[in-house]
Amino acid sequence: MGQPEQAESNGQVVLDEEDVLAEAGEAQGEPRDDDAVEPFEPLPARSWRTKGDFIGVALVVVAVLVASLVLWLTSDARNTISQTGPSEVTPLQPVTAMPPTLSEIWRAPSGATPVPVNLDSVVVTGDGGEVVGRDAFTGDVRWRYARDLPLCTVSTAWGRIFAVHRKDTNCSEVTTLENASGKRGPQRNGDAEFGTRLLNEGSHVLTTGGTYVEVYRRDDLVRSLEYGALRAIVNPNKQPRTGCTYHSFAVTAGKIAMIERCPALDPSDRLTILKPNPEKSDEPQVISSTVTGENGARVIAVTANRVALAVPGRIVVFDSETGAAVADHQVDVTADELAGDPPGRVASTFTSTANTYWFTGSKTVALSLADLNPLWTANDTLGAGTTLAGRLLLPVEDGLKVLDQVSGQEVAAIPVDRGDHTGPVEMATEGPVVLEQRGGTLVALR
1 MGQPEQAESN GQVVLDEEDV LAEAGEAQGE PRDDDAVEPF EPLPARSWRT KGDFIGVALV
61 VVAVLVASLV LWLTSDARNT ISQTGPSEVT PLQPVTAMPP TLSEIWRAPS GATPVPVNLD
121 SVVVTGDGGE VVGRDAFTGD VRWRYARDLP LCTVSTAWGR IFAVHRKDTN CSEVTTLENA
181 SGKRGPQRNG DAEFGTRLLN EGSHVLTTGG TYVEVYRRDD LVRSLEYGAL RAIVNPNKQP
241 RTGCTYHSFA VTAGKIAMIE RCPALDPSDR LTILKPNPEK SDEPQVISST VTGENGARVI
301 AVTANRVALA VPGRIVVFDS ETGAAVADHQ VDVTADELAG DPPGRVASTF TSTANTYWFT
361 GSKTVALSLA DLNPLWTAND TLGAGTTLAG RLLLPVEDGL KVLDQVSGQE VAAIPVDRGD
421 HTGPVEMATE GPVVLEQRGG TLVALR
């Protein structure tokens, strides 16, 4: 490069090697120094603090808050009131002498208690969606538990109060409450039918129903038995029969007695005795099941070895282990009194240390605890009664009859003014306080 061109002998011009390479580089477009590209400078990072960014974040926050508010407004916690009370109660002393008079000391609405609910000096009422623990003497509120759901029923077992609320399809919300304080204990979601009653077998609670029943275990409310038309069948063909309806129930330790009607299978009512705690909850364990030969039968009582059925004009006693009929007694009970199912599919009964008492609808029949044989009958009564100071109190039109439990002989009468209430009266006592369930009202007498 920089050397003079030299002539070839043939007249062509020969270039120096460096010149050739330089021209080739220019032909390929290599940049010259004066055409060099300026170095690339990266753009600054985009700021996330623009107006649009703030609007987007605000919209997300608002959406989250709205969703949280909706969940809170519709949650069980938002729609539940739990006002607890003192955990100690003063025990009421037992009554040793019958009072000459009884007068009303307080009353409260209680449409969800089919019978008086009382335990350890506390009386519990249930109405609308609210359960209230009250002082037995004054009716003053000790504690309150309420939900925005109607109550199905209120009962007691194992020193706890059971409150069952309903949703759209069934009585599914089961809550236990401490008797003294109203503090919540174990809860569960169940499948009990509308109109259910709770029956305490001792270690289990049964929910009654017309096509389906279930049993809850004492310690944790785990479902120990499903019987009938299961909502979700996991293991098919585990139920002993299908297409049956259930019409009355009674329980004792280790046994559930029930009347089934299976028109496609049986010509008459069937008496079935179940264990409350089979090995698998959806595989019922049947102790005995007998086609009775009776129609319109009603279970009124069950013991460790006997079960009593009422049919028009008779009480028939069966062996609860084998299902065999062992006794048949004439009683004055009409077909009209046994027509239909009893409220909650549970006969009106009361059991004392002496006898079991059954209210037919117009009279009260005393049954032996040993064999369930009828002992005596009190006519023109309004309920199964209760005991006070060792005597039986039976509600009648103008007050209470006081009867000797062994003989059924009337020994006294106590007038009670019930106003315009003329229907059945369910009774209980808490210390010296006599409780009367008059329809949807609970009345305390002393």
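Quick note: the sequence shown uses full-length UniProt numbering, first residue 1, plus one each step. Yeah, the Cβ is synthetic: ideal placement off N, Cα and C, and Gly gets one too.
Check                                                                                                                                                                                           : Outcome
Assuming Thr207 and Ala192 are in contact, meaning their beta carbons sit under 8 angstroms apart, how far apart are those beta carbons, in whole angstroms?                                    : 4 angstroms
Relative to the C-alpha of Thr80, which candidate in Thr138, Ala301, Thr101 and Ala163 has its C-alpha closest?                                                                                 : Ala163
Looking at the unbroken alpha helix (DSSP H) that takes in Glu337, where does it start and where does it end?                                                                                   : Ala335 to Leu338
Can you tell me whether Pro342 is buried or exposed? The criterion is at least 16 other CB atoms within 10 Å of its CB, across all chains shown.                                                : buried
Does the stretch 333 to 341 come into contact with the stretch 283 to 293, if we say contact requires no fewer than three beta-carbon pairs (one atom in each stretch) closer than 8 angstroms? : no
If you compare alpha carbons, which of Gly111, Trp143 and Pro116 is closest to Pro86?                                                                                                           : Trp143
Do you know offhand how far Glu173's Cα is from Pro186's?                                                                                                                                       : 11 angstroms
My assumption, with CB atoms under 8 angstroms, is that His329 sits in contact with Asn373. Please give the rounded CB distance.                                                                : 6 angstroms
With burial defined as no fewer than 16 other Cβ atoms inside 10 Å of the residue's Cβ, what is the status of Phe194: buried or exposed?                                                        : exposed
In this structure, does DSSP put Val60 in helix, strand or coil?                                                                                                                                : helix
Once DSSP output is grouped into helix, strand and coil, what is the label at Gly344?                                                                                                           : helix
Between the alpha carbons of Lys183 and Thr252, how many angstroms are there, rounded?                                                                                                          : 28 angstroms
Express the C-alpha separation of Thr303 and Thr322 in angstroms, rounding to a whole number.                                                                                                   : 13 angstroms
Cβ atoms of Val307 and Ala250: under 9 angstroms apart, would you say?                                                                                                                          : yes
Note down, in chain order, each residue of its chain lying with its Cβ closer than 8 angstroms to the Cβ of Gln405, except the 5 sequence neighbours on either side.                            : Ser352, Ala354, Asn355, Ala366, Thr387, Gly390, Arg391 and Leu392
Going by the DSSP bridge assignment, what does Met427 pair with across the sheet?                                                                                                               : Glu436
Does DSSP put Leu445 in a helix, a strand or coil?                                                                                                                                              : strand
By alpha-carbon positions, which one of Leu369, Val443, Gly419 and Val434 ends up nearest to Thr101?                                                                                            : Val434
Helix or strand or just coil, what does DSSP make of Ile233?                                                                                                                                    : coil
Using C-beta distances below 8 angstroms, list every residue in its chain close to Thr96, excluding the 5 sequence neighbours before and after it, in chain order.                              : Ala389
Is it buried or exposed for Gly129, if we count other Cβ within 10 angstroms and need 16 for buried?                                                                                            : buried
Taking C-beta to C-beta, are His204 and Pro276 nearer than 9 angstroms?                                                                                                                         : yes
Which term fits Ile273, buried or exposed, when burial requires 16 or more other beta carbons within 10 angstroms of its beta carbon?                                                           : buried
So, using beta-carbon positions, are Val317 and Glu294 closer together than 9 angstroms?                                                                                                        : no
How would you call Ile161, buried or exposed, if buried means at least 16 neighbouring beta carbons within 10 angstroms?                                                                        : buried
Please classify Leu442: is it buried, with 16 or more other beta-carbons within 10 angstroms of its beta-carbon, or exposed?                                                                    : buried
Cα-Cα, which of Ala136, Val141 and Ser110 is closest to Cys152?                                                                                                                                 : Ser110
Give me the DSSP bridge partner(s) of Lys401.                                                                                                                                                   : Leu394 and Ala413
Looking at the strands, I want to know which residues DSSP matches up with Asn118.                                                                                                              : Val123
For Phe318, which beta-bridge partners are listed by DSSP?                                                                                                                                      : Val307 and Ala325
Look at the alpha carbon of Pro99 and the alpha carbon of Glu430, and state the distance between them as a whole number of angstroms.                                                           : 14 angstroms
Here's a check: name, in chain order, each residue in its chain whose Cβ is nearer than 8 angstroms to the Cβ of residue 452, leaving out the five neighbours to either side.                   : This structure gives no information on residue 452, because the portion of the chain shown stretches from 1 to 446.
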